[in-house]
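Down below is the structure, laid out as structure tokens.
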Amino acid sequence: MSVENGIGASVRRKEDQRFITGNGHYLDDMNKVGQAYGYFLRSPHAFAKIKSIDLSAAKAAPGVVDIFTGADMVADGIGGLICGWGITSKDGSPHNAPPHNSMAVDAVRHVGDQVAFVIAESLEQAKNASELIEVDYDVQTPVTNIAKALAPGAPQIHEEAPGNLCYDWELGDKAAVDAAFANAAHVSKIDLVNNRLSPNPMEPRAALGEYDMGSGDLTLYTTSQNPHVARLIMSAFLGIAPENKLRVVAPDVGGGFGSKIFVYAEETTTIWAARKINRPVKWTADRSEAFLTDAHGRDHVTHAELAMDNDGKILAFRVSTQANMGAYLSTFASAVPTYLYGTLLSGQYKIPSIYVEVQAGFTNTTPVDAYRGAGRPEATYVVERMMETAARDLGMDPTEFRLKNFIQPDAYPYETPVIMTYDSGDYPLAMNMAKDMIDYSGFAARKAQSEANGKIRGIGTAAYIEACGIAPSAAVGSLGAGVGLWESAEVRFNPTGSVTVFTGSHSHGQGHETTFAQIIADKLGVPIESVEVVHGDTSKVPFGMGTYGSRSLAVGGSAIVKAVDKIVEKSKKIAAHLMEASVEDIEHDHGVFSVAGTDKQMTMGEIAFAAYVPHNYPADLEPGMAENAFYDPLNFTFPAGTHIAEVEIDPSTGIVDIVDWAAVDDFGNVINPMIVEGQVHGGVAQGVGQALLEGVIYDEESGQLLTGSYMDYCMPRADDLPNFRVATTNTPCPSNPLGVKGCGEAGAIAAPAALMNAIVNALGKDINMPATPEKVWRAINNN
Amino acid sequence: MTTVSMTVNGKQVSADIAPNTLLVQFIRENLRLTGTHVGCDTSQCGACTVHVDGDSVKACTMLAVQAEGADVTTIEGLAQNGELHPMQAAFKENHGLQCGFCTPGMIMSAVDLVKRNPNPSEETIRTELEGNICRCTGYHNIVKSVKAAAENMGG
Numbered sequence: 011m012s013v014e015n016g017i018g019a020s021v022r023r024k025e026d027q028r029f030i031t032g033n034g035h036y037l038d039d040m041n042k043v044g045q046a047y048g049y050f051l052r053s054p055h056a057f058a059k060i061k062s063i064d065l066s067a068a069k070a071a072p073g074v075v076d077i078f079t080g081a082d083m084v085a086d087g088i089g090g091l092i093c094g095w096g097i098t099s100k101d102g103s104p105h106n107a108p109p110h111n112s113m114a115v116d117a118v119r120h121v122g123d124q125v126a127f128v129i130a131e132s133l134e135q136a137k138n139a140s141e142l143i144e145v146d147y148d149v150q151t152p153v154t155n156i157a158k159a160l161a162p163g164a165p166q167i168h169e170e171a172p173g174n175l176c177y178d179w180e181l182g183d184k185a186a187v188d189a190a191f192a193n194a195a196h197v198s199k200i201d202l203v204n205n206r207l208s209p210n211p212m213e214p215r216a217a218l219g220e221y222d223m224g225s226g227d228l229t230l231y232t233t234s235q236n237p238h239v240a241r242l243i244m245s246a247f248l249g250i251a252p253e254n255k256l257r258v259v260a261p262d263v264g265g266g267f268g269s270k271i272f273v274y275a276e277e278t279t280t281i282w283a284a285r286k287i288n289r290p291v292k293w294t295a296d297r298s299e300a301f302l303t304d305a306h307g308r309d310h311v312t313h314a315e316l317a318m319d320n321d322g323k324i325l326a327f328r329v330s331t332q333a334n335m336g337a338y339l340s341t342f343a344s345a346v347p348t349y350l351y352g353t354l355l356s357g358q359y360k361i362p363s364i365y366v367e368v369q370a371g372f373t374n375t376t377p378v379d380a381y382r383g384a385g386r387p388e389a390t391y392v393v394e395r396m397m398e399t400a401a402r403d404l405g406m407d408p409t410e411f412r413l414k415n416f417i418q419p420d421a422y423p424y425e426t427p428v429i430m431t432y433d434s435g436d437y438p439l440a441m442n443m444a445k446d447m448i449d450y451s452g453f454a455a456r457k458a459q460s461e462a463n464g465k466i467r468g469i470g471t472a473a474y475i476e477a478c479g480i481a482p483s484a485a486v487g488s489l490g491a492g493v494g495l496w497e498s499a500e501v502r503f504n505p506t507g508s509v510t511v512f513t514g515s516h517s518h519g520q521g522h523e524t525t526f527a528q529i530i531a532d533k534l535g536v537p538i539e540s541v542e543v544v545h546g547d548t549s550k551v552p553f554g555m556g557t558y559g560s561r562s563l564a565v566g567g568s569a570i571v572k573a574v575d576k577i578v579e580k581s582k583k584i585a586a587h588l589m590e591a592s593v594e595d596i597e598h599d600h601g602v603f604s605v606a607g608t609d610k611q612m613t614m615g616e617i618a619f620a621a622y623v624p625h626n627y628p629a630d631l632e633p634g635m636a637e638n639a640f641y642d643p644l645n646f647t648f649p650a651g652t653h654i655a656e657v658e659i660d661p662s663t664g665i666v667d668i669v670d671w672a673a674v675d676d677f678g679n680v681i682n683p684m685i686v687e688g689q690v691h692g693g694v695a696q697g698v699g700q701a702l703l704e705g706v707i708y709d710e711e712s713g714q715l716l717t718g719s720y721m722d723y724c725m726p727r728a729d730d731l732p733n734f735r736v737a738t739t740n741t742p743c744p745s746n747p748l749g750v751k752g753c754g755e756a757g758a759i760a761a762p763a764a765l766m767n768a769i770v771n772a773l774g775k776d777i778n779m780p781a782t783p784e785k786v787w788r789a790i791n792n793n
Numbered sequence: 011m012t013t014v015s016m017t018v019n020g021k022q023v024s025a026d027i028a029p030n031t032l033l034v035q036f037i038r039e040n041l042r043l044t045g046t047h048v049g050c051d052t053s054q055c056g057a058c059t060v061h062v063d064g065d066s067v068k069a070c071t072m073l074a075v076q077a078e079g080a081d082v083t084t085i086e087g088l089a090q091n092g093e094l095h096p097m098q099a100a101f102k103e104n105h106g107l108q109c110g111f112c113t114p115g116m117i118m119s120a121v122d123l124v125k126r127n128p129n130p131s132e133e134t135i136r137t138e139l140e141g142n143i144c145r146c147t148g149y150h151n152i153v154k155s156v157k158a159a160a161e162n163m164g165g
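In order, the protein sequence lines correspond to chains D and B. If you read the first sequence in this note's numbering, its first letter stands for residue 11, the second for the next number, and so on. If you read the second sequence in this note's numbering, its first letter stands for residue 11, the second for the next number, and so on.
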């Protein structure tokens with residue numbers, strides 16, 4: 011029996027109605043009676059000791075309610091911000107995580123670091139008063155570049171991190187790799203920079219803190235992807251309030267891409283201050299603050315080498331990376347260049363041995379943490395630029411080189427030399443589909459045509475793999491994670507047959523209100539309009555881990571399925587009682603319960619009603635119809651696929667025109683194809699942004715952020731992008747009940763490598779991201 | 011303080027405001043019409059786009075007093091008698107939005123775009139939307155939405 015609006019249908023999104031009519035509830039749309047406005051005085055220097063702060067003139071300014079500094083928070087016993095993932099260095103020592111106060115105590119370490127929090131009756135008054143604060147800075151020489159920060163003699167940013175080193179980590183069998191290289195017929199090498207990015211969700215971060223003096227309850231409304239995790243950290247590590255007295259609500263959130271996972275100084279200070287002044291306090295970042303303080307992404311410098319035999323078979327892979335952590339270690343920063351990066355360096359390939367070492371260090375820049383893909387785009391960029399370089403060195407077609415080295419469809423489960431066990435996939439299928447879609451074999455003719463028109467054409471491929479559905483708690487725990495990465499769900503029937511689904515996942519654009527409702531509609535036969543999905547409020551939903559790492563459906567959706575299974579089990583008992591049959595004889599099909607071999611049946615709605623009106627229940631049947639589940643995944647999921655980009659470059663301007671894009675992704679089973687395609691489009695666009703347009707740039711001498719607004723940081727616009735051709739292959743994931751793999755990050759993972767390979771193919775020489783017209787023009791003109 | 015009066019979504023409104031109040035602040039804070047969003051400080055993102063006397067305007071680039079006597083339409087005023095504007099309907103039908111934050115501004119710009127270009131090419135749509143930034147959709151489905159709406163609006 012198929013169900014309307016069930017699994018596999020491109021159901022139009024339930025949440026859209028409020029967004030297209032202007033009735034969404036984003037953070038800054040909320041206001042509380044008696045609310046005051048907070049504004050942060052921020053450091054104008056990249057690195058300085060604070061000798062003194064004089065607040066007297068500012069406190070006397072019109073409208074000022076109060077002003078707080080880092081010293082006030084310390085005096086109040088508020089702890090520092092933490093990193094939740096411990097990395098162990100080669101020598102067995104734990105990573106260096108220097109203190110990270112919400113507001114500076116004795117030094118500022120990046121431009122934009124928090125110095126004071128001014129609270130006033132209006133935002134304008136708070137801003138005006140902040141200009142009257144006198145800070146006596148002892149300005150130090152900053153360092154923003156990771157290679158320079160890790161070099162001898164660099165400015166020392168934290169006493170606790172000698173040489174600015176956070177950790178020096180390794181993974182893989184170094185001896186085996188060295189031996190393979192010693193005997194290799196061919197060795198290819200590449201040097202890469204993975205440019206620093208600013209995530210830029212369109213809704214800036216914001217917080218609204220409220221204190222109820224009567225109950226002692228604190229409520230923080232905030233732009234979070236994971237409100238329970240925020241509550242846990244603020245309670246357990248910062249000591250803002252006991253968990254039972256702190257409620258964190260993330261209403262409609264306008265995009266996140268990772269940047270709203272983290273527990274930041276501003277949100278923490280806002281909720282703390284609300285209690286201090288016993289009034290609601292609201293803080294909303296402007297875009298400049300977002301550039302200065304939203305955790306950045308990427309910023310790697312990498313050298314990689316590939317060893318091959320005479321036939322072009324890969325023997326070993328050796329990678330060395332320096333990763334910029336910024337001024338402080340953000341919430342999950344340490345995991346990104348290690349277990350989310352090194353573990354993916356086998357790509358889609360059978361590589362007998364791999365060795366990776368990563369040095370992570372501090373600089374006088376905004377902290378760096380997970381941004382869409384988090385480690386996996388960096389890994390894919392290294393692997394796929396490497397593969398194309400190696401193929402070129404060998405004189406082979408890059409797709410043929412890949413096909414020769416792919417893990418084959420019959421090889422699963424496949425254990426890589428970097429501790430991942432791939433569970434399913436068909437890499438040759440996706441690659442061949444993508445080649446057909448883009449007419450790969452016709453490229454030479456198209457290139458000749460371009461040449462005749464005075465243009466340079468290139469084609470480039472990325473065969474990516476990622477590990478998502480983050481993540482099995484035991485696995486991540488053994489690798490240093492401080493948390494488990496399961497997910498929660500509750501499926502609650504109302505007596506009239508409608509359903510409320512509570513999920514620990516959080517939607518900030520992904521369409522969970524629709525996708526999760528489709529699961530309920532499909533499994534329990536409830537009309538989709540009768541299903542309400544609730545998320546983002548710690549006082550409503552069971553403790554959940556939130557949304558990141560393309561985990562919502564694979565982990566959160568699986569928790570919902572587990573709760574549905576319990577609903578079905580209970581419904582069978584009720585059905586058996588009401589239809590006077592044995593439980594074993596009750597059959598269930600999409601919300602219809604029938605007695606085997608008879609025409610007796612009841613619908614889910616009838617059973618739910620009976621569950622709440624148990625007039626003739628036996629003593630051992632519990633009333634009500636609501637079930638809870640926590641689901642801990644058995645493995646990561648491994649979405650993979652091939653993206654092929656084709657570009658045409660105008661040599662007179664250096665402008666790169668993306669003329670075609672074919673994306674073939676294996677996401678396992680798909681619940682809502684329309685939403686999945688949209689996720690691919692958006693991911694590819696962010697990857698194209700990284701490859702062509704975006705890059706956070708600091709002035710190395712002063713440490714000033716040069717790309718602090720949309721006038722300096724180039725966001726992809728509609729006219730920068732093509733239409734995308736998107737298709738999926740569907741090898742079901744064997745480790746979760748929905749057979750799904752996760753689609754949120756794939757585009758951003760695949761795109762930079764595919765596009766840069768196309769540009770390198772056109773130019774015939776290496777070039778670093780972003781491939782701006784100037785850079786491309788200079789490459790063409792050897793200038 | 012100064013008094014400003016205008017028509018917003020068909021209703022006459024009037025308020026005493028500081029003369030430096032931006033139109034977007036007036037709309038969001040005085041009128042509490044929060045569908046018009048603020049996504050940047052530099053008039054780049056377009057999330058605050060509204061119509062002033064029928065033309066799309068970034069409401070962060072204009073003082074409220076400059077709209078004195080004007081006829082202003084915000085996203086809340088686009089649907090008529092409970093029926094979605096064809097542009098709104100097209101965004102929903104074609105998955106032209108994800109997080110929804112840029113959407114009101116995007117829709118307001120798109121309505122003006124189609125008014126001026128009743129039968130826009132894909133290239134025209136992409137060029138015309140240059141002043142509205144979306145981080146979620148990659149614009150693919152936004153372009154599709156605008157095209158579909160233009161057809162439905164009889165272009």
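For glycine and all other residues, C-beta sits at the position ideal for the given N, C-alpha and C. None of the values given here were measured: they were computed from a predicted structure.
Cα-Cα separation between residue i and residue j, rounded to whole angstroms
i	j	result
SER483 (chain D)	LYS323 (chain D)	36 Å
TYR147 (chain D)	PRO780 (chain D)	35 Å
ILE271 (chain D)	THR232 (chain D)	11 Å
THR17 (chain B)	ILE665 (chain D)	45 Å
LEU716 (chain D)	ALA157 (chain D)	19 Å
THR608 (chain D)	ALA585 (chain D)	14 Å
ARG456 (chain D)	TYR349 (chain D)	41 Å
MET335 (chain D)	MET397 (chain D)	27 Å
PRO742 (chain D)	ASP379 (chain D)	31 Å
GLY492 (chain D)	MET555 (chain D)	12 Å
Whether residue i touches residue j by CB criterion (8 Å)
i	j	result
GLY688 (chain D)	ASN142 (chain B)	no
ASN40 (chain B)	ALA57 (chain B)	no
LEU302 (chain D)	THR376 (chain D)	yes
HIS522 (chain D)	VAL544 (chain D)	no
VAL565 (chain D)	GLY182 (chain D)	no
SER140 (chain D)	TYR36 (chain D)	no
LEU8 (chain D)	SER198 (chain D)	Given a span of 11 to 793 for chain D in the structure shown, any question on residue 8 (chain D) remains unanswerable.
GLY546 (chain D)	VAL239 (chain D)	no
PHE677 (chain D)	THR738 (chain D)	yes
Neighbouring residues, chain D, relative to residue i (Cβ below 8 Å)
i	result
PHE101 (chain B)	ASP26, ILE30
Contacts that residue i makes with chain D (C-beta to C-beta distance below 7 Å)
i	result
PHE36 (chain B)	By Cβ distance, chain D contributes nothing, its closest Cβ being about 14 Å from PHE36 (chain B), past 7 Å.
THR44 (chain B)	ASP39
PRO114 (chain B)	GLY32
Listed by chain order, chain B residues near residue i by CB distance under 7 Å
i	result
LEU799 (chain D)	No answer is possible for residue 799 (chain D): it lies beyond the span of chain D, which begins at 11 and ends at 793.
VAL694 (chain D)	GLY148
Chain-ordered neighbours of residue i on chain B, where CB pairs are closer than 8 Å
i	result
PHE734 (chain D)	GLY148, HIS150
Ignoring anything shorter than 3 residues or poking outside the stretch 644-694 of chain D, list the beta strand (DSSP E) runs there in chain order. Listed in chain order, they are 650-660, 665-676.
Validate contact between the stretch 388-397 of chain D and the stretch 202-220 of chain D using beta carbons, cut 8 Å, 3 pairs: Contact between the stretch 388-397 of chain D and the stretch 202-220 of chain D is present: three or more C-beta pairs spanning the two stretches fall below 8 Å.
My parser needs the alpha helix (DSSP H) runs of 4 or more residues fully inside the stretch 475-535 of chain D; what are they? Counting only runs of 4 or more residues that sit fully inside the stretch 475-535 of chain D, the alpha helix (DSSP H) segments are 483-488, 522-534, in chain order.
To test your reading of the DSSP string, which unbroken alpha helix (DSSP H) runs of 4 or more residues are found completely within the stretch 46-91 of chain B? When DSSP assignments are scanned along the stretch 46-91 of chain B, no uninterrupted stretch of alpha helix (DSSP H) that is 4 or more residues long falls wholly within it.
Kindly provide the ranges of any alpha helix (DSSP H) runs that are 4 or more residues long and lie completely inside the stretch 756-789 of chain D, ordered along the chain. Every alpha helix (DSSP H) of 4 residues or more that sits fully in the stretch 756-789 of chain D is shown, in chain order, as 756-773.
Should the stretch 554-572 of chain D be called in touch with the stretch 495-510 of chain D, which here means at least 3 C-beta pairs below 8 Å? Below 8 Å, enough C-beta pairs join the stretch 554-572 of chain D and the stretch 495-510 of chain D to call them touching: three or more.
Kindly confirm or deny that the stretch 636-654 of chain D and the stretch 569-578 of chain D touch, where touching means at least three C-beta pairs closer than 8 Å. Segments in contact, yes.
How about the stretch 323-333 of chain D and the stretch 155-169 of chain D: do they share at least three Cβ pairs that are nearer than 8 Å? In this structure the stretch 323-333 of chain D touches the stretch 155-169 of chain D; the number of beta carbon pairs closer than 8 Å is three or more.
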